[in-house]
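The sequence shown begins at 0 in numbering that gives the first Met the number 0 and counts up one residue at a time.
No residue lacks a Cβ here, since even glycine has one placed at the ideal position from N, Cα and C.
Remarks on the structure that follows.
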Amino acid sequence: MANLFLRLSAEWKPYLSRDRLCANLTIPSLLPKAVENNTTNFKFPHDGFGVRAIKQLAAKLLLVFFPPNRTFMRITIDPKHSHNFGVNTEGKGQLDITLAQTEKLVWRSIEQWGLLAALFEGYEAAAHYRQ
Numbered sequence: 000m001a002n003l004f005l006r007l008s009a010e011w012k013p014y015l016s017r018d019r020l021c022a023n024l025t026i027p028s029l030l031p032k033a034v035e036n037n038t039t040n041f042k043f044p045h046d047g048f049g050v051r052a053i054k055q056l057a058a059k060l061l062l063v064f065f066p067p068n069r070t071f072m073r074i075t076i077d078p079k080h081s082h083n084f085g086v087n088t089e090g091k092g093q094l095d096i097t098l099a100q101t102e103k104l105v106w107r108s109i110e111q112w113g114l115l116a117a118l119f120e121g122y123e124a125a126a127h128y129r130q
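Here's what the structure looks like:
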């Protein structure tokens, strides 16, 4: 078992050292060095530079994917398939209004359930992980 550990450690050591460098910029206690333990007093970076950068990146991603005052999706029916529904030009206008109402309902549900906050935290975690 020890031989297997030593053989495989050559593969994951570069990743671990890169992750430790990133953790030193954000939260050093996430990936301590082998000589550090629960009694170690970790020195946190000046002003939490890495944490602020991650929060800013997550906020920008949220604004890009979910811009304010605009829906992030548009529900439409492809014109070549609209004949399958038997929709004429007058009915198409009513269908577009109904689909727009559905878009607003979905957006309202996302806001009520607080999914944007969860998405922000997800982007934040993803940005921290990919550092």
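Within 10 angstroms of the Cβ of residue i, are there 16 or more other Cβ atoms? Answer buried if so, exposed if not.
{"i": "Y122", "result": "buried"}
{"i": "A58", "result": "exposed"}
{"i": "I53", "result": "buried"}
Return yes when the Cβ of residue j is within less than 7 Å of the Cβ of residue i, no when it is not.
{"i": "L20", "j": "G49", "result": "no"}
{"i": "F119", "j": "L62", "result": "no"}
{"i": "M7", "j": "D18", "result": "Per the sequence shown, residue 7 should be read as Leu rather than Met. In this structure, D18 does not lie closer than 7 Å to L7 by Cβ."}
Do you know offhand how far residue i's Cα is from residue j's?
{"i": "M0", "j": "A125", "result": "33 Å"}
{"i": "L115", "j": "Q93", "result": "30 Å"}
{"i": "L3", "j": "A9", "result": "11 Å"}
{"i": "K28", "j": "L15", "result": "Here residue 28 is Ser; the residue named in the question, Lys, does not match the sequence. Their Cα atoms are separated by approximately 14 Å."}
{"i": "K79", "j": "L98", "result": "17 Å"}
{"i": "Q75", "j": "E35", "result": "In the sequence as presented, Gln is not what sits at residue 75; that position holds Thr. The alpha-carbon atoms of T75 and E35 are separated by roughly 57 Å."}
{"i": "D95", "j": "G85", "result": "14 Å"}
{"i": "P13", "j": "T101", "result": "49 Å"}
{"i": "S81", "j": "P66", "result": "29 Å"}
{"i": "N37", "j": "A117", "result": "30 Å"}
{"i": "R51", "j": "A22", "result": "13 Å"}
{"i": "L56", "j": "A33", "result": "31 Å"}
{"i": "W11", "j": "G113", "result": "38 Å"}
{"i": "I26", "j": "Q111", "result": "32 Å"}
How far does the alpha helix (DSSP H) with residue i in it extend, from its first residue to its last?
{"i": "F84", "result": "Taken as a continuous stretch (DSSP letters only), F84 belongs to no alpha helix (DSSP H), as it is neither H nor E."}
{"i": "N36", "result": "Taken as a continuous stretch (DSSP letters only), N36 belongs to no alpha helix (DSSP H), as it is neither H nor E."}
{"i": "F64", "result": "48-64"}
{"i": "N23", "result": "1-24"}
(Q) When you compare the stretch 105-118 with the stretch 58-71, are there three or more beta-carbon pairs, one atom per stretch, that lie closer than 8 Å? (A) yes
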